[in-house]
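In this note's numbering, the protein residues as written are 55 to 158. Glycine included, C-beta positions come from ideal geometry on N, C-alpha and C. Since we're looking at a predicted model, the values are computed, not measured.
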């Protein structure tokens with residue numbers, strides 16, 4: 055089982071998700087810890103090499119979690135946020151990039 059490392063306010067931000075979205079994110083993070091893929095994800099090369107985005111869509115809106123598997127035993131959660139527009143806002147990409155720099 056890989057260890058989760060939360061950078062910056064990522065854990066607190068995830069705790070602010072509505073209950074259903076929080077549960078979905080937790081389920082996918084557990085899958086990642088176990089060596090499986092999340093159910094809905096895409097690469098986020100604009101944030102950094104190897105960064106992926108968990109995508110959650112439910113009645114309250116769209117939610118995203120940026121993460122990277124840095125080693126075989128570690129997953130770094132960079133950022134968790136509610137997506138408000140079709141395109142990911144630059145401020146969210148910038149926050150992910152800044153936290154990505156912390157693990158390089």
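Asked, Found
"Alpha carbon to alpha carbon, how far is residue 133 from residue 149? Give it in angstroms, no decimals.", "7 Å"
"For residue 91, is the classification buried or exposed, using 16 other Cβ atoms within 10 angstroms of its Cβ as the cut-off for buried?", "exposed"
"Distance, Cα to Cα, residue 71 vs residue 156?", "24 Å"
"Between the alpha carbons of residue 144 and residue 98, how many angstroms are there, rounded?", "13 Å"
"If you count every other CB in all the chains shown that lies within 10 Å of the CB of residue 103, and 16 or more means buried, which is it?", "exposed"
"So residue 124 is in the beta strand (DSSP E); what residue range does that whole segment cover?", "115-125"
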